[in-house]
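Chemist: So that we are looking at the same thing, I have put the structure below in structure tokens.
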Amino acid sequence: MVIVVALIWTLFPLYYLFLTSVKSIRTIMERPPRLIVWPSFETYEHIIFKEQFYQFFVNSFIIASGSTILALIIGGTAAFAFSHWKFRGKEPLFLVSMVGRMFPPITTLIPIYLMVKFSNLVDTHIALILIYASFQVPLVLLILRDFFSQVPRELSESAYIDGCSPWQVFVRIILPLAKNGIVAAAILCFVEAWNEFIFALVLTSFKAKTAPVVLATYIENEGALQWGTLAALGVWTVMPMLLFMLFLKKFLIRGLTLGALKG
Amino acid sequence: MFLLPMVVYLILWRVIPLLYTVFLSLNDWNLVRRSGRTFTGLENYVRLLSDTRFHDSLWISFFFMVVATGIQTVLGTGLALATDRSFRGKSFVQGSLLLPMFLTPVAVGSIWYILFQPSIGPFNHLLSLAGIPAINWLGSASTALWAIIIADTWQWTPFIYLLVLSALQGIPETIIEAAQIDRASDFVIVRRIILPMIKGTILVAALLRAMEAFRVFPKIYVMTGGGPGRATEAASILIYKTAFRFFEIGYSSAMTIIMLVLLMTAYGFYLKVVRKVSVEY
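Written out as structure tokens, the structure is:
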């Protein structure tokens, strides 16, 4: 019983969003609101082709993947050092890197806005890629350190004895054995970058505008005029997350539990 | 070198900007005025002391944080207890219940923006069936913040749910079975055995959630923009408006620093709790 109520509470809002996006203008306004309609995908056609909103989803995709790759490289190499090397000040350095995750992004919004503005990078993909990667590096470090240290020390040590360089050990032994961890970290980074709002809002105006910014400014400007379009934009924005949840649930949940509890 | 890229990167994008925020908070700088930046020391902070708009916004953030986190913790824990047993479709149910926490906050804001609309949302229709007159949820000062709390609860109850569920799965079944053999009722088992074992995790989850809730931004921005009037103008919204609508860079930085100090205090408390909890296990 509790479970049924919880399921309805969770799924009904999503269903209503979808419903609104496939209703015709006339049925949207009907009272009482209809809960089943024959779907019409006109709004989708409209926003994708006529209004060229697909451009903004491509932007989101480029920025989220770019920052994910960058964060994986930077955080991954550091995670290797933290999990397989001994050096002085290891624990303090790790803690300091983590604190970076705890002071909220908004505290650096103004300086970063000024930095980006004076280097003429406003409204570019690269600016958001660089910024998002800096939020995600600690997360990657946290998750991958855990996965890397599960790779037996004997394996990497015997590779060193066979004459491998640290790079070769990292690329040929550690990375292939920690595949699951890398996928988990990558998905989580992608989700965070896709969902980020405030930096994208401040730093983009048209060329590099991301999906959440388009959605939010659409509400601000057109608000109560085009419910169908608004809902269709919402559906588009959450689509990648729905697909992740459908096909990669295991990785998503594992990474998130790890990131939250160890952070 | 494997560490150098990370160290350089974090210093460049996290540490220097943070220090620069501290510096900016000591300056008077309005981007629109031509006069540029002048160093004014602690003047911004003195101004904040008597700025009731800022105080109100901190109160709204605080109220939001406490109420939203409280509701979410109770609901999330309850749900975890209710679904931590085997039943048909368990994996589907758990997956669905977790779904909202992965969705774009802006999109979640728009979902609830639609749901709360008097003209096209379903709520007022339900109310009218019960004979209650229509409520303009987002348009009236007494309900707007609650509407946002409901939207936030929809999205983030799953977070508590996930962490509590993973803690429940760590409880050895033998303990529960032993209690059942002793004829302990379900209520007693939950109250006397399960809750004490997971209370550390619940606390950690609630604190993590609280720190996030305190800086809520996208949902408010989308659903009300801080209005009506200033009824939902949380600190993060005010900071954003001060910097990017009124272009008061210095003053906004000072607000940011105050917020940061509050959050860091909470974080210090959190670390203490985490340490204590991990000792207990």
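The listed protein sequences correspond, in order, to chains B and A. Using the working numbering, read the first sequence as starting at 5 and increasing by one per residue. Using the working numbering, read the second sequence as starting at 294 and increasing by one per residue. Here a beta-carbon is modelled for each residue, glycine too, at the ideal position from N, C-alpha and C.
Taking contact to mean at least 3 C-beta pairs separated by less than 8 Å, is the region 336-356 of chain A in contact with the region 470-481 of chain A?
Modeler: Verdict: no, contact absent.
Chemist: Under 8 Å, Cβ to Cβ, is there at least one residue of chain B near A/V386?
Modeler: So, interface residue.
Chemist: Helix, strand or coil: how does DSSP classify A/N320 here?
Modeler: Reduced to three states, the DSSP call for A/N320 is strand.
Chemist: Closer than 8 Å by beta-carbon distance: list the chain A residues that pair up with B/R38, in chain order.
Modeler: The premise fails here: B/R38 is roughly 10 Å from chain A at the closest Cβ pair, so nothing lies under 8 Å.
Chemist: Going along the chain, which residues of its own chain have a beta-carbon closer than 6 Å to the beta-carbon of A/V325, five neighbours each way excluded?
Modeler: These residues qualify, in order along the chain: F540.
Chemist: Residues of the region 310-324 of chain A with a CB closer than 8 Å to any CB of chain D: list them in chain order, please.
Modeler: No chain D is present in this structure, whose protein chains are B and A.
Chemist: Less than 8 Å between CB atoms is the rule here; does A/Y338 satisfy it with respect to chain B?
Modeler: Chain B, which has no Cβ nearer than 8 Å to the Cβ of A/Y338, makes this no.
Chemist: Helix, strand or coil for B/T24, going by three-state DSSP, please let me know.
Modeler: Helix, per DSSP.
Chemist: In this structure, how does DSSP classify B/T111 when only helix, strand and coil are distinguished?
Modeler: B/T111: helix per DSSP, three-state reduction.
Chemist: Give me the subset of the region 510-543 of chain A whose CB atoms are less than 8 Å from a CB atom of chain B, sorted by chain position.
Modeler: Listed by position, the residues of the region 510-543 of chain A near chain B (Cβ gap below 8 Å) are F510, P511, Y514, V515, G518, S529, I532, Y533, A536, F537, I542.
Chemist: Who are the neighbours of B/N199 on chain A, taking C-beta pairs under 9 Å?
Modeler: Ordered by position in chain A, the residues that pass the 9 Å Cβ test against B/N199 are F395, L396, T397, P398, V399, A400, P511.
Chemist: Check whether chain A comes within 8 Å of B/K211, counting only Cβ atoms and requiring the distance to be less than that.
Modeler: Taking Cβ atoms only, chain A never reaches closer than 8 Å to B/K211, which makes this a no.
Chemist: If you reduce the DSSP assignment to three classes, tell me which class B/E34 lands in.
Modeler: Residue state, collapsed to three classes: coil.
Chemist: Taking C-beta pairs closer than 8 Å, name the residues in chain B that A/L461 reaches, listed in chain order.
Modeler: The premise fails here: A/L461 is roughly 12 Å from chain B at the closest Cβ pair, so nothing lies under 8 Å.
Chemist: Taking all protein chains shown into account, do 16 or more other C-beta atoms lie within 10 angstroms of the C-beta of A/I453, making it buried, or fewer, making it exposed?
Modeler: Buried, because 16 or more other Cβ atoms sit within 10 Å of the Cβ of A/I453.
Chemist: Could you check whether A/A528 and A/A437 sit closer than 8 Å to each other, using their CB atoms as the reference points?
Modeler: It is not a contact, given that the beta carbons lie outside the stated cut-off.
Chemist: Within the same chain, show all residues whose beta-carbon is closer than 7 Å to that of A/S403, passing over the 5 residues directly before and after it, in chain order.
Modeler: Excluding positions up to five away in sequence, the list reads V515.
Chemist: Am I right that B/T233 and B/I77 are in contact with their C-beta atoms under 8 Å? What's the rounded C-beta distance?
Modeler: Contact flag wrong, Cβ pair sits at about 38 Å.
Chemist: Can you list, in chain order, the residues of its chain with a C-beta nearer than 8 Å to that of A/S350? Leave out the 5 residues immediately preceding and following it.
Modeler: Cβ neighbours of A/S350 beyond the five flanking positions: R523, E526, A527, A528, I530, L531.
Chemist: Step through the CB atoms of chain A and report whether any lies within less than 8 Å of the CB of B/S138.
Modeler: For B/S138, the answer is yes, since a Cβ of chain A falls inside 8 Å of its Cβ.
Chemist: In three-state DSSP terms, what is B/E200?
Modeler: B/E200: coil per DSSP, three-state reduction.
Chemist: In three-state DSSP terms, what is A/V314?
Modeler: The identity of residue 314 of chain A in the sequence shown is Thr, whereas the question assumes Val. Looking at A/T314 - three-state DSSP - the assignment turns out to be helix.
Chemist: Would you verify that the beta carbon of B/T208 is, or is not, closer than 8 Å to some beta carbon of chain A?
Modeler: Output row for B/T208: interface = no.
Chemist: Are the CB atoms of B/L207 and B/L132 within a distance shorter than 8 Å?
Modeler: In this structure, B/L207 lies closer than 8 Å to B/L132 by Cβ.
Chemist: DSSP puts A/T331 in a beta bridge; with which residues?
Modeler: For A/T331, which the question treats as bridged, DSSP gives the partners A/D321.
Chemist: Under a CB-based cut-off of 8 Å, is A/L553 close to chain B?
Modeler: Answer yes: the Cβ-Cβ gap between A/L553 and chain B drops below 8 Å somewhere.
Chemist: On the DSSP letters alone, give me the boundaries of the alpha helix (DSSP H) that A/T525 sits inside.
Modeler: No alpha helix (DSSP H) holds A/T525; DSSP gives it neither H nor E.
Chemist: So, at 7 Å on beta carbons, what are the nonlocal neighbours of B/P142 in its own chain, with the 5 sequence-adjacent residues on each side left out?
Modeler: If we look at B/P142 and ignore the five residues flanking it on each side, its Cβ neighbours are S101, M102, G104, R105.
Chemist: Confirm, please, whether the CB-CB distance from A/A375 to B/I7 is below 8 Å.
Modeler: Yes; because the gap between Cβ atoms is below 8 Å, this pair is in contact.
Chemist: Checking contacts by CB at 8 Å: is A/S478 closer than that to chain B?
Modeler: No, A/S478 lies away from the interface with chain B (no Cβ there is under 8 Å from its Cβ).
Chemist: Roughly how many whole angstroms lie between the Cα atoms of B/I191 and B/V217?
Modeler: Near 21 Å, if we compare the C-alpha coordinates of B/V217 and B/I191.
Chemist: Using the three-state DSSP reduction, which class does A/E466 fall into: helix, strand or coil?
Modeler: In the structure shown, A/E466 sits in a helix (DSSP, three-state: H, G or I).
Chemist: Spell out whether any CB of chain B is found under 8 Å from the CB atom of A/H575.
Modeler: Within the shown structure, residues of chain A are numbered from 294 to 574, placing residue 575 of chain A beyond reach of any answer.
Chemist: Give me the DSSP bridge partner(s) of A/E541.
Modeler: A/E541 pairs with A/N323.
Chemist: State yes or no: is the beta carbon of A/W306 nearer than 8 Å to at least one beta carbon in chain B?
Modeler: Cβ-Cβ to chain B under 8 Å: yes for A/W306.
Chemist: Please list the partners that B/S169 has in chain A, where partner means a Cβ-to-Cβ separation under 9 Å.
Modeler: Chain A residues near B/S169: none, gap ~12 Å exceeds 9 Å.
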